[in-house]
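Chains as they are written, first to last, in our numbering: chain A, -4 to 81; chain R, -4 to 81.
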């Protein structure tokens, strides 16, 4: 599954569209955010995607967890939001 | 249901403890955050609470949504994280 990477500068409506597309296709989506600004955009995107998916009769839920990721040879702690059908 | 209010200065481990306690007692918890720093702490708290609750055999999921709240006579947009059993 491809990871949807979100930054503090990401437009949350665009991220919501990406989550919705992946959910419709695969039934689950993984969103990765590093830092408070990115996590905020990611959560807002999930809230919007949930509304979109409800119109398709999909009850989407979110499971947040910590994940270590390696960026430019540096280990960073990311928040991953796993979006799934309830 | 009492709302667990989270600020950017909240310790996420303490918030996780509060979520875990409410989940054990009531079976669902509502977490409110305004602003990126607060949302970040809230999401981290849910991730930790989920780990605690898994040890009790509870599969906790999270549903983020927007909610208008009134603070000091000003309308603010908050993010609410509804934590429920799957």
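Just so it is clear, CB atoms sit at the ideal spot from N, CA and C, and this is done for glycine as well.
Quick caveat: nothing in here was measured; it's all calculated off a predicted structure.
I need the straight-line Cα distance from residue i to residue j, nearest angstrom please.
i: residue 4 (chain R); j: residue 33 (chain R); result: 7 Å
i: residue 68 (chain R); j: residue 62 (chain R); result: 15 Å
i: residue 40 (chain R); j: residue 46 (chain R); result: 10 Å
i: residue -4 (chain R); j: residue 77 (chain R); result: 11 Å
i: residue 51 (chain R); j: residue 13 (chain R); result: 15 Å
i: residue 70 (chain R); j: residue 29 (chain R); result: 11 Å
i: residue 56 (chain R); j: residue 21 (chain R); result: 15 Å
i: residue 54 (chain A); j: residue 79 (chain A); result: 8 Å
i: residue 82 (chain R); j: residue 19 (chain A); result: Past the boundaries of the shown model lies residue 82 (chain R); chain R is included only from -4 to 81, so the question cannot be answered.
i: residue 72 (chain A); j: residue 66 (chain A); result: 10 Å
i: residue 74 (chain A); j: residue -1 (chain A); result: 12 Å
i: residue 11 (chain R); j: residue 81 (chain R); result: 18 Å
i: residue 2 (chain R); j: residue 17 (chain A); result: 32 Å
Tell me the residue span of the alpha helix (DSSP H) that contains residue i.
i: residue 36 (chain A); result: 31 to 49
Using 8 Å as the threshold, is the C-beta distance between residue i and residue j below it?
i: residue 27 (chain A); j: residue 64 (chain A); result: yes
i: residue 48 (chain A); j: residue 15 (chain A); result: yes
i: residue 42 (chain R); j: residue 59 (chain A); result: yes
i: residue 44 (chain A); j: residue 31 (chain R); result: no
Going by DSSP, what residues sit across from residue i in a beta bridge?
i: residue 53 (chain R); result: According to DSSP, which records beta bridges pairwise, residue 53 (chain R) is partnered with nothing at all.
i: residue 71 (chain A); result: A:64
i: residue 78 (chain R); result: R:24 and R:57
Would you give the residue range spanned by the beta strand (DSSP E) that residue i belongs to?
i: residue 23 (chain R); result: 23 to 28
i: residue 0 (chain A); result: -2 to 1
May I ask you to check if the CB of residue i is nearer than 7 Å to at least one heavy atom of the ligand ATP?
i: residue 24 (chain R); result: The ligand ATP is absent from the structure shown, which contains no ligand whatsoever.
Practice problem: Taking a Cβ distance cut-off of 7 Å, strictly less, list which residues of the stretch 61 to 74 of chain A are near chain R, in chain order. | Solution: 61 and 74
Quiz item: Mind listing which residues of the stretch 8 to 38 of chain R have their C-beta closer than 9 Å to chain A's C-betas, in chain order?
Solution: 28, 30, 31, 32, 33, 34, 35, 36, 37 and 38
Self-check item: Chain-ordered residues of the stretch 47 to 59 of chain R with a beta carbon less than 8 Å from chain A
Solution: 56, 57, 58 and 59
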